[in-house]
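Novice: I'd like to ask you about the structure that follows.
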Amino acid sequence: MQCVDAFTIEGQDSCSYRRSWQKLSQTALGQTIYTKMTNLNGKMEQLLNNDSNLIDRHKRYFSELLQCAVDNLDSTEETLKAFLELIGKGHAGFKISAKDWDTFGEAVVTTVKNRKGLFKSQKETIKAWIILMSFISDRLGLATKTAVSSPLVTPRIQMLAMMSCSEDKMPYKVCI
1 MQCVDAFTIE
11 GQDSCSYRRS
21 WQKLSQTALG
31 QTIYTKMTNL
41 NGKMEQLLNN
51 DSNLIDRHKR
61 YFSELLQCAV
71 DNLDSTEETL
81 KAFLELIGKG
91 HAGFKISAKD
101 WDTFGEAVVT
111 TVKNRKGLFK
121 SQKETIKAWI
131 ILMSFISDRL
141 GLATKTAVSS
151 PLVTPRIQML
161 AMMSCSEDKM
171 PYKVCI
């Protein structure tokens with residue numbers, strides 16, 4: 001896997017993301033991504049323990065994470081990268097691999113692709129989303145892989161602690 005370190009959005013790409021984001025059904029987005037993820041990688045259902053409450057929360061988190069990405073397109077290095085590292089590290093103890101994050105990215109791109117007819121320049125919009133999701137899944141995968149887990153603390157507690165400690169120091173809005 002090749003990580004994308006420097007990620008910037010040009011003005012037109014930024015508009016492409018925002019326009020396409022507005023045209024996606026926010027209410028169905030999480031469900032669509034979840035369904036595509038489980039179709040692409042059967043392990044995804046097992047990761048969420050077939051727990052309907054956990055699955056419903058993650059469907060909402062998928063949409064919220066993408067909303068944060070779209071909201072922070074102009075400050076990817078300062079804001080989005082740090083936010084993704086926080087999420088990735090928080091998932092380190094859940095046995096989530098870089099491949100699982102790639103599955104998430106692929107599910108999002110497939111969701112955007114399947115919205116045919118909604119975008120003027122469909123090809124450019126899909127290309128832009130592939131670039132963004134490569135950045136997102138690479139950052140999440142790297143952070144998950146390099147996070148130090150404590151045998152005394154569960155992954156959920158680690159993630160909540162990181163979020164609560166960092167929340168007031170972050171220059172961006174935490175969406176989750």
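The opening position of the sequence shown corresponds to residue 1 in UniProt numbering, with each subsequent residue numbered one higher.
Think of the CB as a built atom: it goes at the ideal place given N, C-alpha and C, for glycine as much as any other residue.
1. Need the endpoints of the alpha helix (DSSP H) that HIS91 sits in, please.
2. Use the C-beta contact count for ASN72: other C-beta atoms within 10 angstroms, 16 or more gives buried, fewer gives exposed.
3. Rounded C-beta distance between ILE33 and PHE62? I'm assuming under 8 Å.
4. Using only CA atoms, which one of LYS59, VAL70, GLU64 lies nearest to SER16?
5. Which one of ASN53, GLU78, GLN26, LYS99 has the shortest CA to CA distance from LEU40?
6. From which residue to which residue does the alpha helix (DSSP H) around ALA98 run?
7. Within the same chain, show all residues whose beta-carbon is closer than 7 Å to that of GLN26, passing over the 5 residues directly before and after it, in chain order.
8. Helix, strand or coil for ALA147? Go by DSSP, reduced to three states.
9. Using a Cβ-Cβ cutoff of less than 7 Å, which residues in the same chain neighbour GLU124 once the five nearest sequence positions on both sides are dropped?
10. Leaving out five residues before and five after LYS59 in sequence, what residues of the same chain have Cβ atoms less than 7 Å from its Cβ?
11. By how many angstroms is the C-alpha of GLN22 removed from the C-alpha of THR146?
12. Tell me whether the beta-carbon of ASP102 lies closer than 8 Å to the beta-carbon of GLY42.
13. Within its chain, find whatever has a CB closer than 6 Å to the CB of THR110; leave out the 5 residues flanking it on each side and keep chain order.
14. For LEU84, which of helix, strand or coil comes out of DSSP?
15. From the DSSP output, in three-state form, read off ARG18 for me.
16. Would ARG18 be called buried (16 or more neighbouring beta carbons within 10 Å of its own) or exposed?
Specialist: This is what the structure gives:
1. Per DSSP, HIS91 belongs to no alpha helix (DSSP H) and is neither H nor E.
2. Here ASN72 is buried: its Cβ has 16 or more other Cβ atoms, across all protein chains shown, within 10 Å.
3. ILE33 to PHE62, Cβ: 5 Å. Contact.
4. Per the Cα distances, VAL70.
5. Ranking ASN53, GLU78, GLN26, LYS99 by Cα distance to LEU40 puts LYS99 first.
6. Where ALA98 is concerned, the enclosing alpha helix (DSSP H) stretches over 98-113.
7. Closer than 7 Å at Cβ, skipping near neighbours: SER63.
8. Three-state DSSP puts ALA147 in coil, outside helix and strand.
9. Excluding residues within five positions, the ones whose Cβ falls inside 7 Å are SER16.
10. Around LYS59, the same chain offers GLY30, GLN31, TYR34 as residues with beta carbons nearer than 7 Å, after the five sequence neighbours per side are excluded.
11. Here the alpha carbon of THR146 sits roughly 34 Å from the alpha carbon of GLN22.
12. Between ASP102 and GLY42, the C-beta gap is not smaller than 8 Å, which leaves the two residues out of contact.
13. Beyond the five residues adjoining it in sequence on each side, THR110 comes within less than 6 Å, by CB distance, of LYS36 in the same chain, given in chain order.
14. Residue state, collapsed to three classes: helix.
15. If DSSP states are grouped into helix, strand and coil, ARG18 belongs with the helices.
16. Here ARG18 is exposed: its Cβ has fewer than 16 other Cβ atoms, across all protein chains shown, within 10 Å.
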